[in-house]
Amino acid sequence: MGVRRVLLGSEPLWSLDDYVATGGGRALSMVGRLGASGVLDEVDISGLRGRGGAGFPVGVKWRSIAEGGAAAGERFVVANGAEGEPGTFKDRFLIRRNPYQLVEGVLIAATVVGARRVFIALKRSFSIEAERVTRAVQEIEAAGWAPEIGIELVRGPDEYLFGEEKALLEVIEGEDPLPRMFPPYIYGLFTNNPQMGWSAGQTRNRGGGAASNPTLVNNVETLSAIPTIVREGGERYRALGTVESPGTIVCTVSGDTRRHGVEEFELGTPVAEIIDTIGGGIADGRTLKYVLSGVANAVLRADDLDVPASYEGLAALGSGLGTGGFMVFDDRTDPVELAAAVSRFLSVESCGQCPACKLGCEHVTSLLEARTGVALDLGVLSGRLGAVTDAARCYLPTQEQRVIESLIPEMRASRAQAERRDLLITKIVDLVGDRFSLDDKQRLKQPDWTFSTAAS
Ligand SMILES: Cc1cc2nc3c(=O)[nH]c(=O)nc-3n(C[C@H](O)[C@H](O)[C@H](O)COP(=O)(O)O)c2cc1C
Ligand code: SF4
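Each position in the sequence shown, counted from 1, maps to that position plus 195 in the working numbering.
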């Protein structure tokens, strides 16, 4: 357990030659010999689970896209590099260190599921990552690695929902990031299957036919792990980590620690060790009070942190591993203020296609924000939270429920309101030295995704 650099490597790689010198390209060249089923077997054996938050088994997802024959339509692959989860910077960090393994992973995935067009999706604001990926794609194309597969870079908006896979496909088709109804393996890219989706009819950029065009969406870290797994074998990868969470995970630590940063750990390493290794402890005179792993899982308290960072370890605590992005809050943190900050982020980012989500999350935010001078009725709060997921198209309101409900016992236990900290829950903008800068504009973002000129 502990630090284990399988994907991050010892140094950033600056050219395809550097990558090839470390074994890069060998996995792709093995695909012809292994065949799609041989690669799928290695991915299954590795036990790799998606690193975009849900931990879904990668082999199962790939098989579901590959199945169905020609009748299911064209296949596509999308690398999700939208990275908008608060407290997470690992995909961008990985791309900055080694974009080549991502591109090789995408090409292997495309070969296995039978895709001829693949997309690497990044936010428009991720300019360093876009440059790195563009260069890597150019070098790999010039080297003729997979001439039959076209790789397109898609630059999307800053909205949190851009990273949600059903919204991501909308953006690739030239639409706004509003989640469509059905998942990508059922309703893929450029299909005109009767729908489904925000647009009432056929949308501008859908040129396809009536097949469902199953589309594989995987997170950047997930796809970056593929070349190593194919090259070295699934067994070798599975030897790392735990039985249910094999391999390594690239973790981010931010918040009230001395340092911020990103590092790769063997799965099963205690969360406390991850926070200490990256964060170097809490400032003098302060103690750790809460940890949030993104904004999709129940809060962790100081005495929970011996828990292994694994899917099963955190699930056993009623929480979740998410993207391995740990936001640390010290003893000054008031649970109501923390809940309000999370709820504000989610309610603003909710797109409003499902009224129970938008209106419910907004109401929860206003109850939490208004508690100064007004007793917060936790029964009302709980009742309101219970309904936010009604008829939801995506997981965002479930995230609201999971985080805010987990803070209710903390609110009940904390009698006096702590000093307000002006907490901001939002995406990371960049790593500057050993501190992350946060997207301060989020404070001005309104529920209709416009920005006010003064803090609301
Ligand atoms: C509101 C919301 C935002 C999301 N944002 C991201 C994101 O920025 N990056 C990402 O990889 N997955 C994100 N996801 C998860 C994706 O929908 C999808 O599950 C993931 O890309 C699948 O890849 P994986 O199987 O490799 O984990 C988000 C999900 C939700 C509900
Ligand atoms: S559940 Fe919320 S965020 Fe998701 S599509 Fe519906 S309104 Fe939008």
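Each residue gets a CB set at the ideal place from its N, CA and C atoms; glycine is no exception.
| Closest residue to Gly218 among Thr447, Gly204 and Thr443 (Cα-Cα distance) | In the sequence shown, the residue the question calls residue 218 occupies position 23. The option with the nearest alpha carbon to Gly218 is Gly204.
| field | Residue environment, Ala565, which counts as buried when at least 16 other CB atoms sit within 10 Å | value | By 1-based counting over the sequence shown, the position of residue 565 is 370. Exposed, because fewer than 16 other Cβ atoms sit within 10 Å of the Cβ of Ala565.
| message | So, for Leu483: in the same chain, excluding its five sequence neighbours on each side, which residues have a beta-carbon less than 8 Å away from its beta-carbon? | response | By 1-based counting over the sequence shown, the position of residue 483 is 288. Hits under 8 Å: Asp451, Ile470, Ile477, Ala497, Leu500, Val523, Phe524, Asp525 and Asp526.
| request: For the beta strand (DSSP E) containing Leu168, list its first residue and its last residue. | output: Because the chain in this structure spans residues 196 to 651, residue 168 falls outside the shown range and cannot be described.
| request: Kindly identify the DSSP beta-bridge partner or partners of Ala274. | output: The residue you call residue 274 lines up with position 79 of the sequence shown. Beta bridge pairing from DSSP links Ala274 with Ile315 and Asn413.
| field | Host alpha helix (DSSP H) of Met606 (start-end) | value | On the sequence shown, residue 606 is found 411 positions in, with the first residue counted as 1. Note, Met606: alpha helix (DSSP H), Leu591 to Ala608.
| request: Would you grab the beta carbon distance between Gln641 and Leu373 for me? Rounded to a whole angstrom, and I think it's under 8 Å. | output: Taking the first residue of the sequence shown as position 1, residue 641 is located at position 446. Taking the first residue of the sequence shown as position 1, residue 373 is located at position 178. Not a contact, Cβ separation roughly 17 Å.
| field | Between the CA atoms of Val627 and Ile323 - distance to the nearest angstrom | value | If you number the sequence shown from 1, residue 323 lands on position 128. If you number the sequence shown from 1, residue 627 lands on position 432. Those two C-alpha atoms are separated by around 14 Å.
| request: Please go through the same chain and pick out, in chain order, the residues whose beta-carbon is closer than 6 Å to the beta-carbon of Gly309, but skip the five residues on each side of it. | output: As a working note, residue 309 is residue 114 in the sequence shown. Contacts found: Arg270.
| field | Through-space distance from Leu639 to Ala650, alpha-carbon basis | value | Translated into positions along the sequence shown, residue 650 becomes position 455. Translated into positions along the sequence shown, residue 639 becomes position 444. Here the model assigns Ala650 a pLDDT of 49, short of 50, so the residue's position is not dependable, and the following value carries that caveat. Approximately 5 Å, taken between the alpha carbons.
| Mapping DSSP to helix, strand and coil, what is Tyr214? | Translated into the one-based positions of the sequence shown, residue 214 becomes position 19. DSSP, read as helix, strand or coil, puts Tyr214 in helix.
| request: With a cut-off of 8 Å on the beta carbons, I'd call Ala491 and Gly515 a contact; round off their distance for me. | output: Taking the sequence shown and counting its residues from 1, one reaches residue 491 at position 296. Taking the sequence shown and counting its residues from 1, one reaches residue 515 at position 320. Between Ala491 and Gly515, the beta carbon gap of about 6 Å places them in contact (Cβ cut-off 8 Å).
| request: Give the DSSP-derived three-state secondary structure of Pro503 in the structure shown. | output: Numbered from 1 along the sequence shown, position 308 holds the residue referred to as residue 503. For Pro503, the three-state secondary structure derived from DSSP is strand.
| field | Ala337 to Tyr295 span [Cα, whole Å] | value | Taking the first residue of the sequence shown as position 1, residue 337 is located at position 142. Taking the first residue of the sequence shown as position 1, residue 295 is located at position 100. For Ala337 and Tyr295, the gap between their C-alpha atoms comes out near 13 Å.
| field | CA nearest to the CA of Leu208, picked from Asp625, Lys256 and Arg292 | value | Against the sequence shown, residue 208 aligns to sequence position 13. Taking only the C-alpha atoms, the option nearest Leu208 is Arg292.
| request: Please check the pair Ile381 and Ser407, which I expect to be a contact at CB under 8 Å, by giving their CB distance rounded to whole angstroms. | output: Here residue 381 refers to the residue found at position 186 of the sequence shown. Here residue 407 refers to the residue found at position 212 of the sequence shown. 6 Å between Cβ atoms; contact.
| In whole angstroms, what separates the C-alpha of Ala511 from that of Ala420? | If you number the sequence shown from 1, residue 511 lands on position 316. If you number the sequence shown from 1, residue 420 lands on position 225. Near 26 Å, if we compare the C-alpha coordinates of Ala420 and Ala511.
| message | I'd like to know if the stretch 243 to 253 and the stretch 408 to 419 are in contact, where contact means that at least 3 CB-CB pairs between them fall below 8 Å. | response | Yes, they touch.
| message | Which residue marks the beginning of the beta strand (DSSP E) containing Met522, and which one marks its end? | response | For this step, residue 522 is matched to residue 327 along the sequence shown. It spans Gly520 to Asp525 - the beta strand (DSSP E) in which Met522 sits, taken as one unbroken run.
| field | Supposed close pair Arg311, Glu343 - CB separation, criterion 8 Å | value | The residue you call residue 311 lines up with position 116 of the sequence shown. The residue you call residue 343 lines up with position 148 of the sequence shown. So it is a contact: roughly 6 Å between Cβ atoms.
| field | Bridge partners - Val457, DSSP secondary structure assignment | value | For the purposes of this step, residue 457 is identified with residue 262 of the sequence shown, where counting begins at 1. Thr447, per the DSSP bridge assignment.
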